[in-house]
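When you line the sequence shown up against UniProt numbering, it's residues 1 to 228, in that order.
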Amino acid sequence: MKLAGKVAIVTGGASGIGEETARRFAKQGARAVVIADVQDELGREVASSINAGIATSSPSSALPSLSSSGPAQTVLGLDLEAMDRVLAVNVRGTAACVKHAARAMVEGRVRGGSIVCTASVAGSTGGRGMVDYYLSKHAVVGLVRSASVQLGEHGIRVNCVSPYVVATPMALRGFGGEKDAEWVESTVGVNMSLKGVADAVVFLASAESELVTGLDLVVDGGYKGHRR
């Protein structure tokens, strides 16, 4: 098993990609600690949950930081308060996870640790709407690249996965319902699956990717190439 003995802390693990990742981690031998919602009292909850998990772990741990939020907005009609809410979850929330996971690993002298964040193809593209969401995912990619440089000396790898739209409950709410689920499945001939994204996270969390850090791993079935 790829993750035997590791502790996995999955934020946003109640549904969608987070839930599937937690299940895949457990199947690969990891002990999964799930934080279902990180939007309230973020710092304290994340810090205590991560430290509690690391305290009982074997010498290496993995942390996918999975959370998203993104109402449709344009530059000209940008609601700054709504933007702040998106950034609070996607940027501040991810940064809190990375900070406290890294601190716990360093203080526990955990080498071989892996932090995996969730970005998006939106983190390397632009769009006609959802400017706050695109902004937040670009920030996540920047955080991952900087953290990978700073934490390398401690034996901690930091990467992110960037999926295209997967038909999760959150994505369906954003696109507007069941009718759009069919659109998601048919767009550019790609049928994105939760398992496919979760398997990419497992790879980045496991020793199979021991030489990989600072990577934005795009999991989009060829969407970006088609878009060009």
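Yeah, the Cβ is synthetic: ideal placement off N, Cα and C, and Gly gets one too. Every value quoted in this text rests on a predicted model; they were computed, and no experiment measured them.
Bounding residues of the alpha helix (DSSP H) (the contiguous stretch that carries residue i)
| i | result |
| --- | --- |
| threonine 94 | 93–107 |
| serine 120 | Neither: serine 120 is in no alpha helix (DSSP H) and is coded neither H nor E. |
| valine 197 | 194–205 |
| alanine 139 | 131–151 |
| valine 86 | 80–87 |
Where residue i sits in the DSSP three-state scheme
| i | result |
| --- | --- |
| threonine 21 | helix |
| glycine 221 | coil |
| glutamine 39 | Because the pLDDT of glutamine 39 is 45, which lies under 50, any placement of that residue in the model is unreliable, and the number read from its coordinates should be weighed accordingly. Coil at glutamine 39, not helix or strand. |
| glycine 16 | helix |
| alanine 8 | strand |
Those residues which DSSP pairs with residue i across a bridge
| i | result |
| --- | --- |
| asparagine 90 | In the DSSP output, where bridge partners are listed per residue, asparagine 90 has none listed. |
| valine 166 | None, per the DSSP bridge assignment. |
| arginine 111 | BP columns for arginine 111 are empty, so no partner. |
Same chain, Cβ closer than 7 angstroms to residue i, neighbours up to 5 away in sequence not counted
| i | result |
| --- | --- |
| glycine 152 | Thr213 |
| aspartate 79 | Gln73 |
| alanine 198 | Ile17, Glu20, Thr21 and Arg24 |
Residue range of the beta strand (DSSP E) that includes residue i
| i | result |
| --- | --- |
| valine 212 | It is not in any beta strand (DSSP E) - valine 212 carries neither H nor E in the DSSP assignment. |
Own chain, CB closer than 6 angstroms to residue i, minus 5 neighbours either side, in chain order
| i | result |
| --- | --- |
| arginine 145 | Gly214 |
| methionine 83 | Asp132 |
| leucine 204 | Val116 and Asn159 |
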